[in-house]
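Participant:
Numbering (the numbering used here), first residue to last: -7 to 236.
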């Protein structure tokens, strides 16, 4: 089975924990980043040591993902892939706002917001809200830059076009329905743009095909995008069809 790379979130990465010995190997996994930021032209003028001088963010993996976002190294990782390699995308982390500072962009991930809150005190910075016209504009620019690299290498693109779950496996709502609807509408916008601009294979062919249910016992805690096992198993089956 062919190796894969992932630009996305745990909704894709977690699926590889099932039947791990039979799953494709992962070349690289990039998360906690928006396409608007990771494929921007300019490196963010501050590094993580500037934004988190007290080392409040303890996870080495989270720090690595943030540094990758700030330094814009993801494009080089994609360029290092071999022709016809497989890359899987999901857009769940586009829920994060963007920080705009000195004409540069960074993803304001949950860790940066919770543990540093730097956007609240960084003079001259502004927040671009997730789903705003500005966010969509910068996202389109970043995605098209990614696509230019992918097309040059003839990469095989798989899009994990998952949605937020309205209900969990106990039958209760995951959160206010308007928040779920707004986030899913944004995801549909990104999926449509991706579908219109590349020949990527969609995991979920249509919304009637599969109902997303959140897990109340998920390893990363309950959330609308932390699913029951059925979702990951369905994803694996579809990936197997595409990469064998």
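Ideal Cβ positions, reconstructed from N, Cα and C, are used throughout, including at glycine.
None of these values were measured; they are calculated from a predicted model.
Could you give the distance in angstroms between the alpha-carbon of residue 141 and the alpha-carbon of residue 71?
Facilitator: Your numbering for residue 141 matches position 149 in the chain shown. Your numbering for residue 71 matches position 79 in the chain shown. C-alpha separation (whole angstroms): 6 Å.
Participant: At which residues does the beta strand (DSSP E) containing residue 89 begin and terminate?
Facilitator: On the chain shown, residue 89 is found 97 positions in, with the first residue counted as 1. Per DSSP, residue 89 belongs to the beta strand (DSSP E) from 89 to 93.
Participant: Could you check the C-alpha separation between residue 214 and residue 160 for me, to the nearest Å?
Facilitator: The sequence position of residue 214 within the chain shown is 222, counting from 1. The sequence position of residue 160 within the chain shown is 168, counting from 1. So the two alpha carbons sit approximately 8 Å from each other.
Participant: Quick one: which unbroken beta strand (DSSP E) runs of 3-plus residues sit fully inside the region 113 to 168? Chain order, please.
Facilitator: Segments of the beta strand (DSSP E) lying fully in the region 113 to 168: 118 to 120 and 148 to 151.
Participant: Are the region 27 to 46 and the region 128 to 145 in contact at 8 Å, needing three or more beta carbon pairs?
Facilitator: Segments in contact, yes.
Participant: Using 8 Å for Cβ pairs, my map puts residue 224 next to residue 6. What's the rounded Cβ distance?
Facilitator: Translated into the one-based positions of the chain shown, residue 224 becomes position 232. Translated into the one-based positions of the chain shown, residue 6 becomes position 14. Rounded, the Cβ-Cβ distance is 6 Å, consistent with contact.
Participant: Output the residue ranges of the beta strand (DSSP E) runs that lie fully inside the region 59 to 89 and measure 3 residues or longer, sorted by chain position.
Facilitator: Within the region 59 to 89, the complete beta strand (DSSP E) runs of at least 3 residues are 78 to 81.
Participant: DSSP on residue 190, reduced to helix/strand/coil?
Facilitator: Mapped onto the chain shown, residue 190 falls at position 198. Note: residue 190 maps to coil in three-state DSSP.
Participant: Could you tell me which of 50, 35 and 205 sits nearest to residue 95, measuring between CA atoms?
Facilitator: One-based indexing of the chain shown puts residue 95 at position 103. The shortest C-alpha separation from residue 95 is found at 35.
Participant: Of the choices 189, 166, 152 and 42, whose alpha-carbon is the least far from that of residue 179?
Facilitator: The residue you call residue 179 lines up with position 187 of the chain shown. Cα-wise, what sits closest to residue 179 is 152.
Participant: Figure out for me which residue from 83, 32, 46 and -4 has the closest Cα to the Cα of residue 63.
Facilitator: One-based indexing of the chain shown puts residue 63 at position 71. The option with the nearest alpha carbon to residue 63 is 32.
Participant: Starting from the C-beta of residue 158, find all residues in its chain whose C-beta is less than 6 Å away, skip the five residues before and the five after it, and write them out in chain order.
Facilitator: The count along the chain shown starts at 1 and reaches residue 158 at position 166. Closer than 6 Å at Cβ, skipping near neighbours: 172.
Participant: Where does residue -6 land, buried or exposed, given buried means 16+ other C-beta within 10 angstroms?
Facilitator: Translated into the one-based positions of the chain shown, residue -6 becomes position 2. By the 10 Å Cβ count, residue -6 comes out exposed.
Participant: First and last residue of the beta strand (DSSP E) that includes residue -3?
Facilitator: Residue -3 sits at position 5 when you count from the first residue of the chain shown. Here the beta strand (DSSP E) through residue -3 covers -4 to 0.
Participant: Confirm, please, whether the CB-CB distance from residue 108 to residue 38 is below 7 Å.
Facilitator: In the chain shown, residue 38 corresponds to position 46, counting from 1. In the chain shown, residue 108 corresponds to position 116, counting from 1. The answer is no: Cβ separation not under 7 Å.
Participant: CB residue 18 to CB residue 80, shorter than 7 Å?
Facilitator: As a working note, residue 18 is residue 26 in the chain shown. As a working note, residue 80 is residue 88 in the chain shown. For residue 18 and residue 80, no; Cβs fall outside 7 Å.
Participant: Should residue 216 go down as buried or exposed, given a rule of 16 or more other Cβ atoms within 10 Å for buried?
Facilitator: Taking the first residue of the chain shown as position 1, residue 216 is located at position 224. It is buried - the Cβ of residue 216 has at least 16 other Cβ atoms within 10 Å.
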